[in-house]
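Numbering (my numbering), first residue to last: 1125 to 1313.
Shown next, in structure tokens, is the structure this report addresses.
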């Protein structure tokens, strides 16, 4: 198993459409030259951006959180350049980038330290070989204060791990339930 470098990421993105849209270098400012939380290709990974569609958890209906029977009314939809997450709550979002993971690759996603240092934890499960779609992001606000997430800026880093053998059965082969997801995808039983 080896971790892939920035050169490999650029090559795969341009040759196979592995990441779309793709930023070949680190971006640290927007078109107005205002600082942003960085995104794009880094030394050994790719920093993804958060889209402006959010689902903020609310307990107004006193629902039980059940991954086998998730109540969609537990979320409030927000479309904005920022998302305010209530204290000790969470929100779902998605990446701007659409991913197509090669068969010999598995990814691990880690939250950016800028958010972690503010008590905001970004959680993403590994992207399996031949999975494709927008990544659904989960932001947990572990603080007793409201927390802000910025759309169109970096939120997490994807690390690409290549096996020395191609897997026998990929996510696509298994017809995984989150294959080809677009937008913010809620739990599917």
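The beta carbon of each residue, even a glycine, is placed where N, CA and C say it ideally should be.
| Query | Result |
| --- | --- |
| Exposure of residue 1248, with buried meaning 16 or more beta-carbon neighbours within 10 Å | buried |
| One or two residues paired with residue 1215 in a DSSP bridge | 1180 and 1263 |
| Neighbourhood of residue 1295 by C-beta distance below 7 angstroms, restricted to the same chain and skipping five residues each side | 1252, 1253, 1254, 1255 and 1303 |
| 8 angstroms contact criterion, which residue 1170 and residue 1133 should meet: CB distance rounded | 6 angstroms |
| Any non-hydrogen atom of the ligand GDP within 6 angstroms of residue 1212 CB | Looking for the ligand GDP in the displayed structure turns up nothing, as the structure carries no ligands at all. |
| For residue 1232, the residue or residues it bridges with in DSSP | 1283 |
| The segment 1220-1237 contacting the segment 1191-1201, beta-carbon criterion three pairs below 8 angstroms | no |
| Contacting residues, own chain, Cβ-Cβ under 7 angstroms from residue 1267 (five flanking each side not counted) | 1211 and 1243 |
| Meets three-Cβ-pair contact criterion under 8 angstroms: the segment 1131-1147 and the segment 1305-1313 | no |
| Three-way DSSP call (helix, strand, coil) for residue 1135 in this model | helix |
| Simplified DSSP state of residue 1240, which is helix, strand or coil | helix |
| Contacts around residue 1222, its chain only, beta-carbon distance under 6 angstroms, and the 5 residues preceding and following it disregarded | 1144 and 1258 |
| Anticipated Cβ contact below 8 angstroms, residue 1261 with residue 1174, distance rounded | 6 angstroms |
| Outcome for residue 1162 when other beta-carbon atoms lying within 10 angstroms are tallied against a minimum of 16 | buried |
| Residues that residue 1199 bridges to, as DSSP identifies them | 1181 |
| Straight-line Cα distance separating residue 1151 from residue 1135 | 18 angstroms |
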